[in-house]
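Working notes, beginning with the structure itself.
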Amino acid sequence: MSVAHHHPAVHEAPKSFITRWIFSKDHKVIGIQYWWLAFVAVFVGMALSLLMRLQLAFPSHQWPFLANIFKTGMAGGVMAPEFYLALVTMHGTIMVFFVLTTAPQGGFGNFALPLQIGARDMAFPTLNMLSFWVTLVGFVVLIAAFFVEGGAPLGGWTGYPPLSALGTIAGPGQGMGMNLWIISIAIFCVGSLLGALNFLATTLGMRTHGMSLLRMPLTCWAWFTTAVLALLSFPVLFGAGVLLLLDRNAGTSFFLPGGLVVAGELIDHRGGSPILWQHLFWFFGHPEVYIAIIPGMGATSQILATFARKPIFGYRAMVGAIFAIGLLGFFVWGHHMFISGMSPYSSVVFSLLTLSIGVPSAIKTVNWLGTIWGGKIRFTCAMLFALGFVSLFVGGGLGGIFLGQPSIDLFLHDTYFVVGHFHLVMGVAAIFGMFAGTFYWFPKMFGRMMHEGLGKVHFVITLLGVYAIFMPMHALGVMGHPRRYYTGTNFEYLGSASGLHTLITWAAFITISAQVLFVINVFWSMFRGKRAAENPWEATTLEWTTPSPPPHENFPEDPVVHHGPYEYGVPGAARDYIMQTDPPAAMAAAKH
Amino acid sequence: MTATLLTHSTGVLTGILTTSAPPVEAPPRRAPIGGLPPAPPITGDWSRGGGGGDGEESAGRESARDPSQIAITGMWIALAPILMLFMAFVSAYVVRQGLGRDWVRVPVPGLLWVNTLVLLVSSLALERGRRVDRAGGRARPWLMATLGLGILFVGGQLAAWRQLAGQGVGLSTTPYSSFFYLLTGAHGLHLAGGLLGLTAATLWPERGLGRLPRSVALQLAAIYWHFMGLLWLGLFLLLLFWR
Chain A
21 MSVAHHHPAV HEAPKSFITR WIFSKDHKVI GIQYWWLAFV AVFVGMALSL LMRLQLAFPS
81 HQWPFLANIF KTGMAGGVMA PEFYLALVTM HGTIMVFFVL TTAPQGGFGN FALPLQIGAR
141 DMAFPTLNML SFWVTLVGFV VLIAAFFVEG GAPLGGWTGY PPLSALGTIA GPGQGMGMNL
201 WIISIAIFCV GSLLGALNFL ATTLGMRTHG MSLLRMPLTC WAWFTTAVLA LLSFPVLFGA
261 GVLLLLDRNA GTSFFLPGGL VVAGELIDHR GGSPILWQHL FWFFGHPEVY IAIIPGMGAT
321 SQILATFARK PIFGYRAMVG AIFAIGLLGF FVWGHHMFIS GMSPYSSVVF SLLTLSIGVP
381 SAIKTVNWLG TIWGGKIRFT CAMLFALGFV SLFVGGGLGG IFLGQPSIDL FLHDTYFVVG
441 HFHLVMGVAA IFGMFAGTFY WFPKMFGRMM HEGLGKVHFV ITLLGVYAIF MPMHALGVMG
501 HPRRYYTGTN FEYLGSASGL HTLITWAAFI TISAQVLFVI NVFWSMFRGK RAAENPWEAT
561 TLEWTTPSPP PHENFPEDPV VHHGPYEYGV PGAARDYIMQ TDPPAAMAAA KH
Chain B
9 MTATLLTHST GVLTGILTTS APPVEAPPRR APIGGLPPAP PITGDWSRGG GGGDGEESAG
69 RESARDPSQI AITGMWIALA PILMLFMAFV SAYVVRQGLG RDWVRVPVPG LLWVNTLVLL
129 VSSLALERGR RVDRAGGRAR PWLMATLGLG ILFVGGQLAA WRQLAGQGVG LSTTPYSSFF
189 YLLTGAHGLH LAGGLLGLTA ATLWPERGLG RLPRSVALQL AAIYWHFMGL LWLGLFLLLL
249 FWR
């Protein structure tokens with residue numbers, strides 16, 4: 021308990037390199053650390069997906085150079101089926117946890133939340149530092165699964181028992197690799213919980229004078245809602261992980277039924293229920309989808325208003341819709357389990373609740389369109405990616421209306437239709453939210469502007485590329501192509517799928533290559549980019565009243581807020597916008 | 009696993025006690041405002057402004073930023089995930105029990121009644137200590153008593169485990185016994201985190217430490233400790249009657 025001794029005054033920057041940049045308690049540094057973690061993780065995840073795409077487009081083709089890298093998985097240059105499953109599992113786990121849950125909330129949220137509400141730091145800086153380092157340990161443990169005996173787990177990111185509860189009899193990666201997977205997820209849960217606690221306490225207790233809840237930027241509302249979801253859903257995943265570990269290592273039978281014969285061997289367990297895992301997992305899993313996407317919605321709202329030079333359309337409706345999406349997210353987990361043998365009556369209830377999420381989603385979409393309608397749009401890279409977010413959210417979300425209906429889902433469940441749907445609506449859309457956030461906040465984070473021209477080329481290729489990858493997957497799904505299959509060549513009815521698979525693989529190859537442009541842009545801009553002014557986007561929120569990058573203490577004096585967050589296009593104003601800290605007279609003067 | 013659970017509870021405790029909020033200052037100032045009268049708040053126009061409206065009237069809400077209040081809020085928030093964890097376990101318990109057939113009852117060790125009483129008395133002692141502290145008296149004996157009773161409870165739970173194990177009932181013997189060890193174990197680990205918090209509060213100097221006065225340190229420990237007591241009551245009733 022010595023932590024509370026000699027606590028340094030918060031606005032005194034730490035002197036040593038270690039406390040300033042490594043074990044930092046500064047929310048800005050921690051946010052950037054989270055951002056880098058996601059940056060590394062997303063490239064690992066993409067590399068894995070590229071390997072999967074190679075196998076799907078060119079089944080059983082020999083890739084001698086890959087044999088040198090993956091000695092067992094690609095022995096002789098041909099991919100082993102187990103290795104394909106390990107790729108599926110690790111790709112999903114890395115992307116969902118260490119990219120989609122890490123950058124939007126931990127990255128941008130940590131960086132911008134205190135700045136936007138006029139605070140000097142998060143409520144609990146030590147806890148904040150801890151949550152990043154715990155998350156990083158989780159990532160290291162997960163990656164370690166590749167290197168232990170038997171390799172990475174095979175069970176998919178959902179880790180369904182009984183196969184995930186059995187050990188090596190269910191496959192080589194199901195031994196130590198699977199244990200590490202569970203432990204990594206449990207560690208990640210702890211890190212996320214510490215973070216969520218901090219976000220909530222900060223939003224509730226650290227707002228500056230005049231920053232009423234309804235004057236917070238929509239980004240802050242998004243991070244707040246996300247934190248509530250994380251706080252209530254991650255403990256359930258943690259609990260499920262504990263039960264799974266006990267089943268695997270302590271002989272219990274929470275998830276393992278009796279009379280199970282695997283690989284010709286009778287399993288000595290009885291009475292458990294694999295469906296129980298599905299309930300626990302998806303009680304977490306569905307809110308997790310919103311944990312990934314809601315911060316992107318917040319960033320999109322912020323960016324659309326800024327670059328359309330118009331107030332956000334329907335601020336209160338937007339806040340209500342975020343909450344509604346978050347709340348409904350807790351009551352729809354059953355739609356992942358329509359084919360688990362659940363009562364048709366339950367399916368109807370889950371289906372109705374699921375489809376009702378379309379209402380707040382439509383409110384958000386229409387309000388985004390209302391915001392840019394008739395605006396003097398500035399097509400910066402941030403704006404383009406935010407528009408891309410809206411496009412992907414709608415394009416991918418429509419697939420959900422099909423999948424949300426039990427009768428249609430019976431056919432489409434576990435097909436490529438699902439893969440196409442969720443990649444567009446929560447994967448790529450959330451990534452676009454991150455790109456938008458990066459282009460938008462980069463000047464504040466690193467003090468320099470990113471290169472707009474390079475960014476636009478990157479945007480066009482990526483937008484077209486992701487549609488070319490994931491739209492055809494819907495067609496594969498309608499064809500009945502199961503997901504997670506190592507190859508479709510053994511099935512006559514999938515003969516016509518190979519053309520689409522080749523197309524998708526080429527699209528993936530081009531899209532992934534285009535990400536090199538982003539990497540170049542980030543590194544070039546960090547060192548050579550144009551120096552950023554205080555408020556390069558002519559935005560209204562508090563982070564743009566600080567220097568770029570902001571000093572350790574953020575604000576020399578507590579800012580005082582007099583206006584709502586999106587006063588753009590104010591008639592008669594000297595500039596076309598009024599910042600939140602402008603004196604109250606500014607608005608009156610503009611009106612007269 | 010136990011390590012993560014422990015970090016979970018103690019991390020929350022230690023973190024809570026170090027807030028970044030500045031010390032409580034004089035009442036908040038507002039930037040001097042001169043000249044024009046404030047514009048009337050704009051209402052009813054959905055596309056205008058961000059909800060908050062403008063003008064001085066609604067500049068209203070001042071920042072709270074009282075480190076004690078933030079720490080207390082944080083502690084209450086921290087109880088939510090713990091409750092959710094146990095709700096996950098309990099719903100698994102209820103589902104598993106409903107599957108029937110192989111659900112074999114195991115007699116609950118009588119020692120649990122004693123342990124429950126010990127935990128309840130420890131909560132009373134803690135409240136007594138807080139009252140003495142508020143009145144300016146010597147609270148430490150009462151806090152030490154709370155700590156002692158807490159340690160006694162953990163010891164009692166371990167003894168109950170030994171009793172069960174002695175009867176040949178282990179973690180994987182029956183579904184009921186699996187849940188018995190799981191629930192008591194998870195509760196015990198969280199309670200052990202509470203013991204660390206209690207120790208810190210007991211050692212907290214009278215004049216406060218960092219930005220937290222002693223009374224707040226005691227309040228934080230009390231919120232967590234009473235929650236652990238209530239949680240145990242719930243779990244005990246479940247283990248007794250939902251068999």
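Protein sequences, first through last, are from chains A and B. At position 517 of the first sequence (counting the first as 1) the number is 537 in my numbering, and the numbers step up by one without a gap. At position 47 of the second sequence (counting the first as 1) the number is 55 in my numbering, and the numbers step up by one without a gap. For glycine and all other residues, C-beta sits at the position ideal for the given N, C-alpha and C.
Under 8 angstroms from the C-beta of residue i: neighbouring residues of chain A
i, result
"Ser76 of chain B", "Within 8 angstroms Cβ-Cβ: nothing; Ser76 of chain B doesn't reach chain A, min ~10 angstroms."
"Asp141 of chain B", "Going along chain A, no residue has its Cβ under 8 angstroms from Asp141 of chain B, so there is no contact; the nearest lies around 18 angstroms."
Among the options, nearest to residue i - alpha-carbon criterion
i, options, result
"Gly82 of chain B", "A:Leu217, A:Trp177, A:Pro173 and A:Glu169", "A:Leu217"
"Pro89 of chain B", "A:Thr482, A:Tyr54, A:Val256 and A:Ala33", "A:Val256"
"Thr223 of chain A", "A:Thr239, A:Val210, A:Phe208 and A:Cys209", "A:Thr239"
"Ile345 of chain A", "A:Arg504, A:Phe159, A:His356 and A:Trp241", "A:Trp241"
"Trp388 of chain A", "A:Pro331, A:Ser363, A:Thr435 and A:Leu372", "A:Pro331"
"Gly156 of chain B", "B:Gly144, B:Leu127 and B:Trp84", "B:Leu127"
"Leu133 of chain A", "A:Gln53, A:Ser232, A:Ala106 and A:Pro237", "A:Pro237"
"Arg146 of chain B", "B:Arg104, B:Gln77, B:Arg222 and B:Gly163", "B:Arg222"
"Gly497 of chain A", "A:Ala553, A:Pro34, A:Gly419 and A:Ala382", "A:Gly419"
"Leu407 of chain A", "A:Leu432, A:His443, A:Gly417 and A:Gly453", "A:Gly453"
"Ala61 of chain A", "A:Phe43, A:Ala87, A:Ile89 and A:Val116", "A:Val116"
"Ala153 of chain B", "B:Leu190, B:Gly164 and B:Gly137", "B:Gly137"
"Leu91 of chain B", "A:Ser36, A:Leu252 and A:Val210", "A:Leu252"
"Phe274 of chain A", "B:Leu211, B:Pro115, B:Ala194 and B:Tyr101", "B:Tyr101"
Contacts that residue i makes with chain A (C-beta to C-beta distance below 7 angstroms)
i, result
"Pro221 of chain B", "The contacting residues do not exist; Pro221 of chain B stays about 12 angstroms from chain A at best."
"Thr3 of chain B", "Within the shown structure, residues of chain B are numbered from 9 to 251, placing residue 3 of chain B beyond reach of any answer."
"Ala88 of chain B", "Leu251 and Leu252"
Cα-Cα separation, residue i to residue j
i, j, result
"Phe301 of chain A", "Thr385 of chain A", "29 angstroms"
"Leu13 of chain A", "Arg219 of chain B", "Here chain A comprises residues numbered 21 to 612, so residue 13 of chain A is not present and cannot be evaluated."
"Leu147 of chain A", "Ile323 of chain A", "30 angstroms"
"Arg290 of chain A", "Phe358 of chain A", "25 angstroms"
"Ile613 of chain A", "Ser545 of chain A", "For residue 613 of chain A there is no data in the structure shown, the boundaries of chain A being 21 and 612."
"Phe103 of chain A", "Ala77 of chain A", "16 angstroms"
"Trp153 of chain A", "Arg504 of chain A", "32 angstroms"
"Gln82 of chain A", "Met493 of chain A", "25 angstroms"
"Pro84 of chain A", "Gly96 of chain A", "7 angstroms"
"Thr245 of chain A", "Tyr586 of chain A", "20 angstroms"
"Ser516 of chain A", "Tyr180 of chain A", "30 angstroms"
"Leu671 of chain A", "Leu296 of chain A", "For chain A, the structure presents residues 21 to 612; residue 671 of chain A sits outside this window and is missing."
"Leu246 of chain B", "Phe511 of chain A", "52 angstroms"
Three-state secondary structure assigned by DSSP to residue i
i, result
"Glu285 of chain A", "strand"
"Val580 of chain A", "strand"
"Arg595 of chain A", "coil"
"Leu217 of chain B", "strand"
"His521 of chain A", "helix"
"Tyr631 of chain A", "Absent from the model: residue 631 of chain A. The displayed extent of chain A is 21 to 612, so no value can be given."
"Tyr588 of chain A", "strand"
"Pro124 of chain A", "helix"
"His229 of chain A", "strand"
"Arg503 of chain A", "coil"
"Arg235 of chain A", "helix"
"Arg551 of chain A", "strand"
"Glu102 of chain A", "helix"
Partners in chain D for residue i, counting only beta-carbon separations shorter than 7 angstroms
i, result
"Val256 of chain A", "No chain D is present in this structure, whose protein chains are A and B."
7 angstroms Cβ cut-off: residues of chain B touching residue i
i, result
"Gly259 of chain A", "Leu93, Ala96 and Phe97"
"Arg290 of chain A", "Asp110"
First through last residue of the alpha helix (DSSP H) which encompasses residue i
i, result
"Ala337 of chain A", "Tyr335 to Leu348"
"Met454 of chain A", "Ala449 to Phe466"
"Arg136 of chain B", "Leu119 to Arg142"
"His47 of chain A", "His47 to Ala77"
"Met196 of chain A", "Met196 to Gly225"
"Lys384 of chain A", "Gly378 to Ile392"
"Val160 of chain A", "Pro145 to Ala164"
"Met92 of chain B", "Pro75 to Gly106"
Chain-ordered chain B contacts of residue i [CB-CB under 8 angstroms]
i, result
"Leu273 of chain A", "Here residue 273 of chain A turns out to be Ser, not Leu, going by the sequence shown. Within chain B, the residues near Ser273 of chain A are Ser180, Pro183 and Ser186."
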